[in-house]
Amino acid sequence: MAFYPSVKLLFAGAAVLLVAACGTTDIDQVRTTQPAGASPFNVALTNEYRELAVYEADKMYDWPDAGTWARKGLAASNNQLVLPEQVGDWNVPADKVGELTTARQRLVTALDSSARTKLPADAARAQAMFDCWAEQQEENWQFDHIAACRKGFMDAMQRVDEGMNPPKTAAPAPTGTPAPAGPYTVYFAFDSATLSAEGLRIVRIAADTARNEKAPIAVVGHADAAGASDYNMNLSLRRANAVRDALIADGIPVSRITASGQGEGDLAVPTADGVREQRNRRVVVLFR
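Its first residue numbered 16, the sequence shown is counted upward by one per residue in the numbering used here.
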(Lines of atoms letter the chains of each structure in order from A and count residues from 1; the text may use other names and numbers.)
(Lines give C-alpha, C1' and ligand atoms only; values in the text may rest on other atoms or scores of the structure.)
Protein backbone atom coordinates (compact mmCIF):
# COMPACT_ATOMS: atom_id res chain seq x y z
CA MET A 1 0.00 0.00 0.00
CA ALA A 2 1.38 3.39 -0.99
CA PHE A 3 1.05 6.53 1.15
CA TYR A 4 2.10 10.01 0.03
CA PRO A 5 3.74 12.26 2.64
CA SER A 6 0.64 14.26 3.54
CA VAL A 7 -1.44 11.12 3.91
CA LYS A 8 1.27 9.41 5.94
CA LEU A 9 1.49 12.34 8.34
CA LEU A 10 -2.29 12.42 8.80
CA PHE A 11 -2.31 8.79 9.81
CA ALA A 12 0.92 8.80 11.81
CA GLY A 13 -0.60 9.90 15.12
CA ALA A 14 -3.52 7.52 14.89
CA ALA A 15 -1.20 4.67 13.96
CA VAL A 16 1.03 5.33 16.96
CA LEU A 17 -1.99 5.19 19.30
CA LEU A 18 -3.19 2.01 17.67
CA VAL A 19 0.20 0.32 18.08
CA ALA A 20 0.35 1.34 21.73
CA ALA A 21 -3.18 0.07 22.38
CA CYS A 22 -2.54 -3.27 20.75
CA GLY A 23 0.56 -3.98 22.84
CA THR A 24 3.25 -6.11 21.21
CA THR A 25 2.97 -5.89 17.44
CA ASP A 26 4.75 -7.55 14.56
CA ILE A 27 6.84 -4.40 14.13
CA ASP A 28 7.82 -4.39 17.81
CA GLN A 29 8.69 -8.08 17.71
CA VAL A 30 10.86 -7.89 14.62
CA ARG A 31 12.98 -5.13 16.18
CA THR A 32 14.40 -7.53 18.74
CA THR A 33 13.73 -11.03 17.42
CA GLN A 34 16.71 -13.36 17.35
CA PRO A 35 16.40 -16.28 14.90
CA ALA A 36 16.69 -19.59 16.74
CA GLY A 37 17.79 -22.55 14.66
CA ALA A 38 17.23 -20.72 11.38
CA SER A 39 19.38 -21.31 8.31
CA PRO A 40 22.09 -18.74 7.48
CA PHE A 41 19.86 -17.51 4.65
CA ASN A 42 16.90 -16.98 6.96
CA VAL A 43 19.07 -15.29 9.58
CA ALA A 44 20.25 -12.84 6.92
CA LEU A 45 16.70 -12.45 5.59
CA THR A 46 15.41 -11.66 9.08
CA ASN A 47 17.94 -8.85 9.39
CA GLU A 48 17.12 -7.50 5.93
CA TYR A 49 13.36 -7.40 6.57
CA ARG A 50 13.94 -5.92 10.03
CA GLU A 51 15.81 -3.03 8.42
CA LEU A 52 12.99 -2.46 5.91
CA ALA A 53 10.27 -2.66 8.58
CA VAL A 54 11.99 -0.26 10.97
CA TYR A 55 12.69 2.24 8.20
CA GLU A 56 9.08 2.24 6.98
CA ALA A 57 7.73 2.52 10.52
CA ASP A 58 10.12 5.07 12.02
CA LYS A 59 11.05 7.19 9.01
CA MET A 60 8.13 6.96 6.59
CA TYR A 61 5.23 6.20 8.98
CA ASP A 62 4.08 3.63 6.44
CA TRP A 63 2.62 1.16 8.91
CA PRO A 64 0.99 -1.26 6.42
CA ASP A 65 4.23 -1.84 4.52
CA ALA A 66 6.23 -1.88 7.75
CA GLY A 67 3.88 -4.61 8.96
CA THR A 68 4.37 -6.58 5.75
CA TRP A 69 8.16 -6.56 6.12
CA ALA A 70 7.90 -7.30 9.85
CA ARG A 71 5.76 -10.38 9.22
CA LYS A 72 8.16 -11.65 6.56
CA GLY A 73 11.09 -11.06 8.92
CA LEU A 74 9.37 -12.96 11.73
CA ALA A 75 8.55 -15.84 9.39
CA ALA A 76 12.21 -16.00 8.31
CA SER A 77 13.31 -15.95 11.96
CA ASN A 78 11.15 -19.04 12.48
CA ASN A 79 12.96 -20.68 9.55
CA GLN A 80 9.90 -20.64 7.31
CA LEU A 81 10.19 -20.46 3.53
CA VAL A 82 9.72 -16.78 2.66
CA LEU A 83 9.41 -15.96 -1.05
CA PRO A 84 9.96 -12.71 -2.93
CA GLU A 85 6.88 -10.58 -3.51
CA GLN A 86 4.71 -11.31 -6.53
CA VAL A 87 4.77 -8.37 -8.94
CA GLY A 88 1.03 -8.72 -9.51
CA ASP A 89 0.37 -8.05 -5.83
CA TRP A 90 1.70 -4.48 -6.21
CA ASN A 91 0.08 -1.76 -8.27
CA VAL A 92 3.22 -0.84 -10.18
CA PRO A 93 3.10 1.30 -13.35
CA ALA A 94 2.44 -0.75 -16.46
CA ASP A 95 5.75 0.21 -18.07
CA LYS A 96 7.65 -1.21 -15.06
CA VAL A 97 5.91 -4.59 -14.86
CA GLY A 98 8.14 -6.27 -17.46
CA GLU A 99 11.42 -5.29 -15.83
CA LEU A 100 10.24 -6.28 -12.34
CA THR A 101 8.81 -9.58 -13.60
CA THR A 102 12.07 -10.46 -15.33
CA ALA A 103 14.05 -9.44 -12.25
CA ARG A 104 11.92 -11.68 -10.04
CA GLN A 105 12.34 -14.59 -12.42
CA ARG A 106 16.10 -14.10 -12.35
CA LEU A 107 16.04 -14.02 -8.53
CA VAL A 108 13.80 -17.08 -8.13
CA THR A 109 15.91 -19.05 -10.61
CA ALA A 110 19.00 -18.36 -8.50
CA LEU A 111 17.22 -19.14 -5.21
CA ASP A 112 15.92 -22.43 -6.59
CA SER A 113 19.42 -23.27 -7.84
CA SER A 114 20.79 -23.35 -4.26
CA ALA A 115 21.78 -19.67 -3.89
CA ARG A 116 20.12 -19.76 -0.45
CA THR A 117 22.73 -22.23 0.78
CA LYS A 118 25.74 -21.22 -1.31
CA LEU A 119 25.44 -17.43 -0.95
CA PRO A 120 22.99 -16.81 1.90
CA ALA A 121 23.84 -13.18 2.67
CA ASP A 122 23.86 -12.00 -0.96
CA ALA A 123 20.72 -14.01 -1.81
CA ALA A 124 18.88 -12.55 1.20
CA ARG A 125 19.98 -9.04 0.22
CA ALA A 126 18.76 -9.56 -3.34
CA GLN A 127 15.35 -10.77 -2.14
CA ALA A 128 14.84 -7.91 0.32
CA MET A 129 15.94 -5.30 -2.21
CA PHE A 130 13.61 -6.76 -4.83
CA ASP A 131 10.70 -6.45 -2.40
CA CYS A 132 11.79 -2.91 -1.54
CA TRP A 133 11.96 -2.08 -5.26
CA ALA A 134 8.42 -3.41 -5.87
CA GLU A 135 7.02 -1.42 -2.93
CA GLN A 136 8.75 1.83 -3.89
CA GLN A 137 7.79 1.38 -7.55
CA GLU A 138 4.15 1.10 -6.53
CA GLU A 139 4.40 4.37 -4.57
CA ASN A 140 6.20 5.82 -7.62
CA TRP A 141 7.10 9.24 -6.23
CA GLN A 142 10.36 8.85 -4.29
CA PHE A 143 12.53 8.26 -7.31
CA ASP A 144 15.76 8.23 -5.32
CA HIS A 145 14.32 5.43 -3.14
CA ILE A 146 13.24 3.48 -6.22
CA ALA A 147 16.72 3.83 -7.69
CA ALA A 148 18.40 2.82 -4.42
CA CYS A 149 16.31 -0.34 -4.03
CA ARG A 150 16.77 -1.26 -7.69
CA LYS A 151 20.53 -0.73 -7.45
CA GLY A 152 20.65 -2.76 -4.22
CA PHE A 153 18.95 -5.62 -6.06
CA MET A 154 21.19 -5.36 -9.11
CA ASP A 155 24.38 -5.26 -7.05
CA ALA A 156 23.34 -8.23 -4.91
CA MET A 157 22.18 -10.25 -7.93
CA GLN A 158 25.47 -9.63 -9.68
CA ARG A 159 27.29 -11.08 -6.67
CA VAL A 160 24.89 -14.03 -6.65
CA ASP A 161 25.34 -14.67 -10.36
CA GLU A 162 29.12 -14.45 -10.10
CA GLY A 163 29.14 -16.73 -7.06
CA MET A 164 26.89 -19.31 -8.70
CA ASN A 165 28.69 -19.16 -12.05
CA PRO A 166 32.34 -18.27 -11.37
CA PRO A 167 34.15 -17.15 -14.53
CA LYS A 168 36.30 -19.74 -16.22
CA THR A 169 39.91 -19.02 -17.07
CA ALA A 170 39.89 -17.39 -20.47
CA ALA A 171 41.85 -18.93 -23.30
CA PRO A 172 44.67 -16.83 -24.74
CA ALA A 173 43.33 -14.25 -27.17
CA PRO A 174 44.06 -15.14 -30.80
CA THR A 175 46.25 -12.81 -32.81
CA GLY A 176 44.82 -10.73 -35.61
CA THR A 177 41.45 -8.94 -35.82
CA PRO A 178 39.13 -9.98 -32.98
CA ALA A 179 35.89 -11.63 -33.97
CA PRO A 180 32.69 -9.66 -33.25
CA ALA A 181 30.85 -10.62 -30.07
CA GLY A 182 27.84 -12.89 -30.30
CA PRO A 183 25.35 -13.44 -31.65
CA TYR A 184 23.54 -15.05 -28.72
CA THR A 185 20.43 -17.13 -29.28
CA VAL A 186 17.70 -17.64 -26.69
CA TYR A 187 15.12 -20.37 -27.32
CA PHE A 188 11.48 -20.43 -26.20
CA ALA A 189 8.82 -23.04 -25.54
CA PHE A 190 5.93 -23.40 -27.98
CA ASP A 191 3.54 -20.42 -27.96
CA SER A 192 5.50 -18.82 -25.11
CA ALA A 193 7.38 -15.58 -24.55
CA THR A 194 8.59 -16.55 -21.07
CA LEU A 195 12.32 -16.93 -20.53
CA SER A 196 13.47 -20.30 -19.20
CA ALA A 197 16.29 -20.69 -16.70
CA GLU A 198 18.61 -21.52 -19.61
CA GLY A 199 17.33 -18.49 -21.50
CA LEU A 200 18.09 -16.25 -18.54
CA ARG A 201 21.59 -17.73 -18.39
CA ILE A 202 22.20 -16.86 -22.06
CA VAL A 203 20.87 -13.33 -21.51
CA ARG A 204 23.27 -12.86 -18.60
CA ILE A 205 26.18 -13.89 -20.83
CA ALA A 206 25.00 -11.43 -23.47
CA ALA A 207 24.71 -8.71 -20.81
CA ASP A 208 28.25 -9.41 -19.60
CA THR A 209 29.46 -9.00 -23.18
CA ALA A 210 27.41 -5.82 -23.58
CA ARG A 211 29.21 -4.25 -20.65
CA ASN A 212 32.48 -4.62 -22.59
CA GLU A 213 31.08 -3.72 -25.99
CA LYS A 214 30.06 -0.20 -27.02
CA ALA A 215 28.07 -1.19 -30.12
CA PRO A 216 24.26 -0.90 -30.27
CA ILE A 217 22.38 -4.09 -29.46
CA ALA A 218 19.74 -5.56 -31.78
CA VAL A 219 17.29 -8.00 -30.20
CA VAL A 220 15.38 -9.86 -32.93
CA GLY A 221 12.50 -12.22 -32.16
CA HIS A 222 11.36 -15.15 -34.28
CA ALA A 223 8.59 -17.75 -34.35
CA ASP A 224 8.12 -21.10 -35.99
CA ALA A 225 5.62 -21.75 -38.80
CA ALA A 226 2.83 -23.09 -36.55
CA GLY A 227 -0.13 -20.72 -36.28
CA ALA A 228 -1.26 -17.65 -38.17
CA SER A 229 1.43 -15.33 -39.50
CA ASP A 230 -0.03 -12.23 -37.81
CA TYR A 231 -0.08 -14.02 -34.46
CA ASN A 232 3.48 -15.22 -34.96
CA MET A 233 4.65 -11.69 -35.74
CA ASN A 234 3.19 -10.48 -32.44
CA LEU A 235 4.63 -13.47 -30.58
CA SER A 236 8.10 -12.87 -31.98
CA LEU A 237 7.98 -9.25 -30.78
CA ARG A 238 6.84 -10.34 -27.32
CA ARG A 239 9.82 -12.68 -27.16
CA ALA A 240 12.17 -9.90 -28.23
CA ASN A 241 10.71 -7.59 -25.58
CA ALA A 242 11.19 -10.28 -22.90
CA VAL A 243 14.89 -10.52 -23.75
CA ARG A 244 15.19 -6.73 -23.93
CA ASP A 245 13.61 -6.43 -20.45
CA ALA A 246 16.02 -9.06 -19.12
CA LEU A 247 19.00 -7.14 -20.52
CA ILE A 248 17.70 -3.95 -18.91
CA ALA A 249 17.22 -5.82 -15.63
CA ASP A 250 20.88 -6.84 -15.94
CA GLY A 251 21.89 -3.19 -16.09
CA ILE A 252 22.15 -2.57 -19.85
CA PRO A 253 20.82 0.91 -20.78
CA VAL A 254 17.58 0.78 -22.73
CA SER A 255 18.98 3.43 -25.11
CA ARG A 256 21.42 0.85 -26.50
CA ILE A 257 18.78 -1.78 -27.30
CA THR A 258 16.48 -2.08 -30.31
CA ALA A 259 13.86 -4.86 -30.20
CA SER A 260 12.03 -6.12 -33.27
CA GLY A 261 10.07 -9.16 -34.45
CA GLN A 262 10.43 -11.16 -37.65
CA GLY A 263 7.55 -13.56 -37.09
CA GLU A 264 7.95 -16.70 -39.17
CA GLY A 265 9.65 -14.82 -41.99
CA ASP A 266 13.22 -15.89 -41.20
CA LEU A 267 13.22 -19.55 -40.19
CA ALA A 268 16.51 -20.94 -38.93
CA VAL A 269 15.30 -24.39 -39.99
CA PRO A 270 13.08 -24.26 -43.10
CA THR A 271 9.80 -26.13 -42.58
CA ALA A 272 6.40 -26.38 -44.18
CA ASP A 273 3.67 -24.05 -42.95
CA GLY A 274 2.12 -25.21 -39.68
CA VAL A 275 5.14 -27.22 -38.52
CA ARG A 276 6.44 -26.74 -34.97
CA GLU A 277 10.21 -26.44 -34.73
CA GLN A 278 12.08 -25.60 -31.51
CA ARG A 279 15.06 -24.05 -33.29
CA ASN A 280 12.81 -21.47 -34.97
CA ARG A 281 11.29 -20.25 -31.69
CA ARG A 282 14.14 -17.95 -30.79
CA VAL A 283 15.49 -14.48 -30.08
CA VAL A 284 18.88 -13.47 -31.44
CA VAL A 285 20.98 -10.82 -29.66
CA LEU A 286 23.38 -9.06 -32.03
CA PHE A 287 26.04 -6.41 -31.49
CA ARG A 288 26.21 -4.04 -34.46
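The beta-carbon is built from N, C-alpha and C at its ideal position, and this holds for glycine as well.
Quick caveat: nothing in here was measured; it's all calculated off a predicted structure.
Could you tell me if residue i is buried or exposed, where buried requires 16 or more neighbouring beta carbons within 10 angstroms of its beta carbon?
{"i": "residue 80", "result": "buried"}
{"i": "residue 154", "result": "buried"}
{"i": "residue 284", "result": "exposed"}
{"i": "residue 121", "result": "buried"}
{"i": "residue 84", "result": "buried"}
{"i": "residue 110", "result": "exposed"}
{"i": "residue 303", "result": "exposed"}
{"i": "residue 156", "result": "exposed"}
{"i": "residue 295", "result": "buried"}
{"i": "residue 132", "result": "exposed"}
{"i": "residue 130", "result": "buried"}
{"i": "residue 299", "result": "buried"}
Whole angstroms are fine: how far does the CA of residue j sit from the CA of residue i?
{"i": "residue 211", "j": "residue 41", "result": "37 angstroms"}
{"i": "residue 233", "j": "residue 128", "result": "30 angstroms"}
{"i": "residue 206", "j": "residue 289", "result": "13 angstroms"}
{"i": "residue 50", "j": "residue 68", "result": "16 angstroms"}
{"i": "residue 218", "j": "residue 258", "result": "7 angstroms"}
{"i": "residue 209", "j": "residue 117", "result": "9 angstroms"}
{"i": "residue 138", "j": "residue 44", "result": "24 angstroms"}
{"i": "residue 267", "j": "residue 62", "result": "30 angstroms"}
{"i": "residue 271", "j": "residue 200", "result": "18 angstroms"}
{"i": "residue 102", "j": "residue 58", "result": "24 angstroms"}
{"i": "residue 160", "j": "residue 177", "result": "26 angstroms"}
{"i": "residue 273", "j": "residue 256", "result": "9 angstroms"}
{"i": "residue 52", "j": "residue 93", "result": "8 angstroms"}
{"i": "residue 214", "j": "residue 297", "result": "10 angstroms"}
{"i": "residue 46", "j": "residue 262", "result": "37 angstroms"}
{"i": "residue 293", "j": "residue 90", "result": "42 angstroms"}
{"i": "residue 239", "j": "residue 301", "result": "20 angstroms"}
{"i": "residue 286", "j": "residue 65", "result": "57 angstroms"}
{"i": "residue 254", "j": "residue 198", "result": "16 angstroms"}
{"i": "residue 108", "j": "residue 169", "result": "20 angstroms"}
Once DSSP output is grouped into helix, strand and coil, what is the label at residue i?
{"i": "residue 275", "result": "strand"}
{"i": "residue 205", "result": "coil"}
{"i": "residue 64", "result": "helix"}
{"i": "residue 165", "result": "helix"}
{"i": "residue 199", "result": "strand"}
{"i": "residue 82", "result": "helix"}
{"i": "residue 234", "result": "strand"}
{"i": "residue 115", "result": "helix"}
{"i": "residue 300", "result": "strand"}
{"i": "residue 103", "result": "helix"}
{"i": "residue 94", "result": "coil"}
Is residue i near the ligand FAD, with its Cβ less than 6 angstroms from a heavy atom?
{"i": "residue 247", "result": "The ligand FAD is not part of this structure, which contains no ligands at all."}
Would a check of beta-carbon distances place residue i closer than 7 angstroms to chain D?
{"i": "residue 179", "result": "In the structure shown, chain D cannot be found, because there is only a single protein chain."}
Quiz item: Enumerated in chain order, which unbroken segments of the beta strand (DSSP E) with a length of 3 residues or greater are wholly contained in the segment 238-289?
Solution: 272-276
Quiz item: Is the segment 90-102 in contact with the segment 72-79, if contact means three or more CB pairs nearer than 8 angstroms?
Solution: no
Self-check item: Cβ pair count under 8 angstroms reaching 3, the segment 159-173 against the segment 143-151
Solution: yes
Practice problem: Flag this pair as touching only if the segment 238-251 and the segment 219-226 have three or more C-beta atom pairs under 8 angstroms; answer yes or no. | Solution: no
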